[in-house]
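*Asks:* This structure is in structure tokens; I'll ask about it shortly.
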Amino acid sequence: MSDQVVQTIDTELRDRILHGLGELLPRVLKRDLPEIPENACLFDDLGLTSAGTIELILEVEEALDLQVDVEQITEDDLRSVTSLADYIASHLIAED
22 MSDQVVQTID
32 TELRDRILHG
42 LGELLPRVLK
52 RDLPEIPENA
62 CLFDDLGLTS
72 AGTIELILEV
82 EEALDLQVDV
92 EQITEDDLRS
102 VTSLADYIAS
112 HLIAED
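Here the sequence shown stands for residues 22 to 117, numbered as in this note's numbering.
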């Protein structure tokens, strides 16, 4: 048996987050984007900056009415639209 912790992700929530990212990225990047592939690299393909990353996460929190724990976010979590959606879905802060 493995000691590795497997974190399950709510697929409905993840889909909402992916949809939200697709709608919010053009606003954050201040340019129109054709359809954004889920595996698009946020920095290399889309030109997102570190400041834009913060803005994007704040926009997602507001648009989807949730809070994200960004304390543990890594470069790998920011590699693609999908990896960011997975991170957000699995690092929500419960509201009091």
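Idealized CB from N, CA, C, for every residue including glycine.
Looking only at DSSP bridge pairs, what is Leu113 linked to?
*Replies:* Note: Leu113 sits in a beta bridge opposite Val89.
*Asks:* Buried or exposed: where does Asp36 fall if 16 or more other Cβ atoms within 10 Å of its Cβ makes it buried?
*Replies:* Exposed, because fewer than 16 other Cβ atoms sit within 10 Å of the Cβ of Asp36.
*Asks:* Can you check which of these residues, Ile78, Pro58 and Pro47, is closest to Asp98 by C-alpha distance?
*Replies:* If we check each option's Cα against that of Asp98, Ile78 comes out closest.
*Asks:* Is there contact here, the stretch 81–92 with the stretch 54–64, by at least three beta-carbon pairs under 8 Å?
*Replies:* No: fewer than three Cβ pairs fall under 8 Å.
*Asks:* Based on Cα-Cα distance, which residue from Ile75, Gly43 and Ala84 lies nearest to Pro58?
*Replies:* Out of Ile75, Gly43 and Ala84, Gly43 has the C-alpha closest to the C-alpha of Pro58.
*Asks:* Taking C-beta to C-beta, are Ile38 and Ala115 nearer than 8 Å?
*Replies:* No.
*Asks:* Is the beta carbon of Gly125 less than 8 Å from the beta carbon of Val49?
*Replies:* Limits of the chain in this structure are 22 at one end and 117 at the other, which puts residue 125 out of reach.
*Asks:* What's the C-alpha gap between His112 and Pro55?
*Replies:* Their backbone Cα atoms lie some 28 Å apart in a straight line.
*Asks:* Could you check the C-alpha separation between Gln25 and Leu87 for me, to the nearest Å?
*Replies:* Confidence at Gln25 is low in this model, with a pLDDT of 46, below 50, so its placement is unreliable and the value that follows should be read with caution. So the two alpha carbons sit approximately 27 Å from each other.
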